[in-house]
Each structure stands twice: as structure tokens, then as C-alpha cells.
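Number 146 in the numbering used here belongs to position 125 of the sequence shown; there are no gaps in the numbering.
Even glycine gets a Cβ: it sits at the ideal position worked out from N, Cα and C.
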Amino acid sequence: MTDVLTERDVTPGLLSRIAVNATPLRPTDRAEVAAQLGRVPRGLVGIGARCACGRPAVTITLPRLGHGEPFPTLFYLCLPYLVKEISRLEARGEMATMTSVLSDDAALRAAHRAAHESYIARRSLLGDVPEIAGVSAGGMPERVKCLHALAGYALSAGRGVCPLGDRALDLVGWDGTTCHCEESPASRDDETSAAAH
Ligand SMILES: [Zn+2]
22 MTDVLTERDV
32 TPGLLSRIAV
42 NATPLRPTDR
52 AEVAAQLGRV
62 PRGLVGIGAR
72 CACGRPAVTI
82 TLPRLGHGEP
92 FPTLFYLCLP
102 YLVKEISRLE
112 ARGEMATMTS
122 VLSDDAALRA
132 AHRAAHESYI
142 ARRSLLGDVP
152 EIAGVSAGGM
162 PERVKCLHAL
172 AGYALSAGRG
182 VCPLGDRALD
192 LVGWDGTTCH
202 CEESPASRDD
212 ETSAAAH
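Okay, structure coming up:
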């Protein structure tokens, strides 16, 4: 008996309930994500969103990894040029700006909290992991701590679910109809701020 689905149990129908833009793994995705992240992805069960070229842009990961570790981060940005663009936002202080906007805007605060609840509900479709009950990602429900996590969530779930993730994508001019991968190769490691965290 297990409290979490295995990689085999994750069907296309289930993925589409987790996020409207989610798609099943394609044969090349694991190798592609490994190259993007610089490590073999564990617990990878789907792609939350893709670049226009088809490369994975967001990973979907099981809430409990193979060795039993709880893993709260359901959606994570993996597309190198977008990771880098979001890192630039963080480097210029956008998280502090969003946090101060949050404190001044009750409606946005409520939406950020609703995004948190929705994140947990989506993840629970893959199983319940008591160690991370009530924990989402990116600083939700009250703070803004990682724009990569919020942007990955927003990209997967579609507009109107995670408002601060939507805002981050707007600020970097994300356009899902155009591939920018070749303009900013992953190998061009020219900024320490490009590292995801
Ligand atoms: Zn691309």
C-alpha cells in the first residue's frame, strides 16, 4: 500500500486535471530535462508547459520521490532561457516589489492565497504526503520567495490561477507561440544570477 502514485500511474487524463497545459512525457523529455537542469530529474511524471519548439518548460514531479523524500515543488521551471529571464527579475528586486504590492492589496493577497490552496489540491491528485501538508511553493500563501516556482505554476495552470506568476511571465515578455531557445543558449553561462534556486 502506498500513499502516492507511481510514475506508471500518471495518465494523460490525470495530468490534464493537474494543469490545463500539462502533457505526458515524450521519449526525449527525460534527457532534455536532465540537460536543462544538469542532473537526472527524479519523480518526473509530466511536463507542465512547453516552449513553442516542444522543449519542456516546466516539470511536474511526484510529491514523494523514489527514496521516500517528500517533494513539495509540483511545478518547476526548467527551460534555460526562461529560467535566466526570471533570474534577472529576481536579481533586480522584483520579489521585494511584489511582496510590498501584496501587503497593500487585499484582493491580490486573497488571490495569492487561493493560488496556494489550488496548488496543494492539484498536487494531492498525485497522492497525500503528510510531511508537506499545507506547504506549497514560491513563498505562497503569504510571501514571494521564488519567482521560478510561481512562473512555472502559472505557465502550467494557465492565466488567472497564480497572479504573481502571471505577472512574472508578463514582465519577461513570455510568448508561448515563439521559441527563443537559440537566442540564449544554456551554455552561455554569463551571469551568476542565472542559477535557479
Ligand atoms: Zn524553444
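Asked, Found
"Rounded C-alpha distance that separates E115 from L46", "32 angstroms"
"Contact check, A158 vs A170, beta carbons under 8 angstroms", "yes"
"Own chain residues within Cβ distance below 7 angstroms of A73, not counting five before or after", "G197, T198, T199 and C200"
"Residue ranges of each beta strand (DSSP E) within the segment 92 to 164, 3 or longer", "96 to 98"
"Nearest neighbour of L98, chosen from G173, R85 and P84 [CA to CA]", "G173"
"For L26, the nearest candidate out of R134, G89, D50 and A40 (CA to CA)", "G89"
"Sheet register partners of I81 (DSSP bridge)", "G67 and F96"
"Counterpart residues of L193 in DSSP-defined beta bridges", "Leu is not the amino acid found at residue 193; the sequence shown has Val there. Answer by DSSP bridge pairing: none, since V193 is not bridged."
"Alpha-carbon spacing of V79 relative to Y102, whole angstroms", "12 angstroms"
"Nearest-angstrom beta carbon gap, I107 and V193 [assumed within contact, 8 angstroms]", "6 angstroms"
"Three-state class that DSSP yields for V25 in the structure shown", "strand"
"Under 8 angstroms between C-beta atoms of E138 and P91", "no"
"Own chain, CB closer than 7 angstroms to R76, minus 5 neighbours either side, in chain order", "E53, L100 and C202"
"Span separating the alpha-carbon of A135 from that of L83", "22 angstroms"
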